[in-house]
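Sequence order for the protein chains is A and B.
The first sequence lines up with residues 1 to 303 when you count with our numbering.
The second sequence lines up with residues 304 to 606 when you count with our numbering.
Every residue, glycine too, gets a C-beta built ideally from N, C-alpha and C.
Take a look at the structure below.
2 protein chains.
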Amino acid sequence: MTSQLGLRHLRCFIALAEENHFGRAAERLGITQPALTQQIRRLEEITGCRLVRRRPRVALTEAGEAFFVRARRSLADADAAVDIARRTSRGERGLLTLGVVPSTLLVPELPRAIRRFRETHPEVELRIREMSTTEQLEALRLERIDLGLLREAPADSEIASKVVVRERFVAVLPAGHHLATAEPFPLASLASEPFVLFGKSLNPPFYTRVVDLCRAAGFFPRVVQEAPEVQSRVSLVEAGLGVTIAPACIQRFCGQDIVYRTLDMPEAFTTIALCWRRRDRSPKVEAFLDVLMGQHEQPVPST
Amino acid sequence: MTSQLGLRHLRCFIALAEENHFGRAAERLGITQPALTQQIRRLEEITGCRLVRRRPRVALTEAGEAFFVRARRSLADADAAVDIARRTSRGERGLLTLGVVPSTLLVPELPRAIRRFRETHPEVELRIREMSTTEQLEALRLERIDLGLLREAPADSEIASKVVVRERFVAVLPAGHHLATAEPFPLASLASEPFVLFGKSLNPPFYTRVVDLCRAAGFFPRVVQEAPEVQSRVSLVEAGLGVTIAPACIQRFCGQDIVYRTLDMPEAFTTIALCWRRRDRSPKVEAFLDVLMGQHEQPVPST
DNA sequence: CATAGTAATAGTCTTACGGTATCGCCAGAT
DNA sequence: ATCTGGCGATACCGTAAGACTATTACTATG
């Protein structure tokens, strides 16, 4: 029966084939010469043919040479299997799928963190999928993504999260708007302005956050136009459809027809959070978090 | 230590990965479920990481999937190694180097035997090298060829041989020669003719055989020209340089300017023999001999 | 003929592995 | 809520593989 064959036989045979000497091969294997003799004899019993010619010197037979080629490959694959399993389990290798809200990548720390992760974990395939916050939470639950990068950490028993960036809100106004020069900027002054916003379903907590800020300033925003992407909202403001408030990173979009004003409320900020399945203590996820957190000592930079 | 790993672990793991069920996998392996559980546990201890998730159902972890790919290849190679070693030792596979004197291949049985061997042993690479009889004996001793096909079996303690073909000698004369019509042909009539022959060193026993035949006919051949290849000697006869005697197979070279005459001596024959190292009971050699002998019941056909 | 080098053999002990019996856990039915 | 069946884990025991020490057998070489 072939099933008698063990990797130990292969290891012994390969050492012998490479040393052409029972004593030296045994030494290399860390066993004694009689033990090696036994292993080789057993191997020849299993295969049913002579693999090694012992006299006048140790040398492989033709069958032995044929065996040797495959044996070495077999052993290499076995060792590689162990090695790769270990690296995979340590999160050094494998597939990591990350959902992102496109606008989060405007914060320079985040692309930088991704780049650093790829450099430190070259064997991890990082697959990035753009999706809304709501879609990410669903995708996490369905295990379609391993991590989500979204705005406003959700309160969820299954999903854990960690705030990675804190951003102030800014008012976004078309150039030439009658409020465009005020500084510092009171949110209340937008009370009667038409708003460009996003649908609540895309990210209810974030939507609520925006509305609550307006409430605190004494008004309820009058939404005249919706657009899911913040870039689109800014463009619509630029086109004169209304005003909006948005996270500070949006100021990276600059243009002649657009003006940003920092709000005067210290509580007017929003957070970007990294989310994962709470029960999934996957080391890949840990590794990504480590890199993201590790790159600057203070875990929550604010802009 | 990786060195703890055994093929048994791999076999168990692969069965489990394919069945996704301890009971069924164990059954397929011909062992009981607790034994399989132990093997998998041990494997996970060796690799140092979980390879199998057991709840809610048996499924591989990502590390397990990575392990699986290599493990299967490793096992396949190990099994292939055994299989190929066995086939090689049976002479069904490997390299068989055959030295031949070119003229022997003029006897139709021999190319036919080679063809048949290739058909019945498709995994044996048959390498044919043209060389003189003397060169073959040396090459056999140096293990540069496994078999030699030559004229006149040598008496040699190291080299075994088997006669495979017996051929009559024929006289080779230029057309129009004054003896070219005599039939049956007495060798003695060539007594005073100039001979085209080969150097004794190419094959001393064969040379001696030719000379002894002439002696028996009452003369010593007067050699006026030497050529190692029998084809060349015939061409030289054709060109009128002299006469010669040669094995009957040479009659396959026919032409307007050449005439063959069968000698009237019944003892005027020569043999083609297959030779091998006496101590080398290689099954490839056996296999070749079997095919060569087996194709016609009578082992020594004569022409 | 003696000797050194090298592989094979003998005898003993440890450990791996397989078997039987049984436990623990979870899901679906009552 | 409790019962029950399916399934994997654990406990314990017996057999056999494998390693070690000591020794023998064979060869090539001085």
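- Below the 7 Å Cβ cutoff, chain B contributes 377, 380, 381, 384 as neighbours of residue 74(A), in chain order.
- Taking each of 71(A), 48(A), 100(A), 117(A) in turn and checking the Cα distance to residue 289(A), the smallest one comes out for 117(A).
- Counting only runs that start and end inside the region 323-388 of chain B, the alpha helix (DSSP H) elements of at least 4 residues fall at 325-332, 336-350.
- For the region 49-67 of chain A, the set of residues with a beta-carbon nearer than 9 Å to any beta-carbon of chain B comprises 49, 50, 51, 61, 62, 63, 64, 65, 66, 67, in chain order.
- The beta carbon of residue 25(A) is closer than 8 Å to those of 12, 15, 16, 18, 19, 36 in its chain, skipping five residues each way along the sequence.
- The alpha-carbon of residue 8(A) is positioned some 29 Å away from that of residue 94(A).
- Minimum Cα-Cα distance from residue 224(A) among the listed residues 122(A), 230(A), 243(A) corresponds to 243(A).
- Within the model, the alpha-carbon separation for residue 217(A) versus residue 267(A) is close to 11 Å.
- Checking the DSSP bridge columns, you'll see residue 225(A) partnered with 196(A).
- When the five nearest sequence neighbours on each side are left out, the beta carbons in the same chain lying within less than 7 Å of the beta carbon of residue 559(B) are those of 478, in order along the chain.
- Against chain A, the beta carbon of residue 308(B) has neighbours under 7 Å at 7, 78, 82, listed in chain order.
- Linking residue 374(B) to residue 81(A) through their CA atoms gives a straight-line distance of about 6 Å.
- Residue 112(A) carries a helical assignment under DSSP once its states are collapsed to helix, strand and coil.
- Distance between residue 191(A) and residue 215(A), taken at the CA atoms: about 10 Å.
- Between the C-alpha atoms of residue 164(A) and residue 274(A) there is a straight-line separation of about 7 Å.
- Restricting attention to beta strand (DSSP E) runs no shorter than 3 residues, the region 107-190 of chain A encloses them at 123-130, 147-151, 159-174, ordered along the chain.
- Measuring C-alpha to C-alpha distances from residue 236(A) to each of 73(A), 194(A), 147(A) identifies 194(A) as the nearest.
- Assignment of residue 564(B) by DSSP, reduced to helix, strand and coil, places it in the strand class.
- The DSSP-derived three-state label of residue 550(B) is strand.
- Using a Cβ distance threshold of 7 Å, residue 97(A) and residue 149(A) do not count as a contacting pair.
- The contact set of residue 85(A) on chain B, defined by CB atoms closer than 8 Å, consists of 350, 352, 354, 366, 367, 369, 370 in chain order.
- Proximity of residue 580(B) to chain A, defined by a Cβ-Cβ separation below 7 Å, is not satisfied.
- Among the residues of chain B, those whose CB is under 8 Å from the CB of residue 70(A) are 380, 381, 383, 384, 387, following chain order.
- For residue 533(B), the enclosing alpha helix (DSSP H) begins and ends at 533-541.
- When C-beta distances to chain B are compared with 7 Å, every residue of the region 108-132 of chain A stays at or above that value.
- Contact annotation for residue 313(B) against chain A: 7, 78, 81 [CB-CB distance below 9 Å, chain order].
- Here DSSP, grouped into helix, strand and coil, assigns residue 521(B) to coil.
- Considering only 185(A), 87(A), 131(A), 141(A), the residue with the shortest C-alpha distance to residue 122(A) is 87(A).
- Here DSSP, grouped into helix, strand and coil, assigns residue 556(B) to coil.
- A check of alpha carbon separations from residue 309(B) across 377(B), 352(B), 544(B) identifies 377(B) as the nearest.
- Neighbourhood of residue 391(B) in chain A, by CB distance below 9 Å: 49, 61, 62, 63, 64, 65, 66, 67, in chain order.
- Nearest to residue 126(A) by alpha-carbon distance, out of 258(A), 108(A), 133(A), 145(A), is 145(A).
- Under the 7 Å criterion on CB atoms, residue 91(A) is classed as non-interfacial with respect to chain B.
- Between the C-alpha atoms of residue 60(A) and residue 423(B) there is a straight-line separation of about 26 Å.
- Bounds of the beta strand (DSSP E) holding residue 403(B) are 396-403.
- If you look at residue 273(A), you'll find it isn't in any alpha helix (DSSP H); it sits in the beta strand (DSSP E) that goes 269-277.
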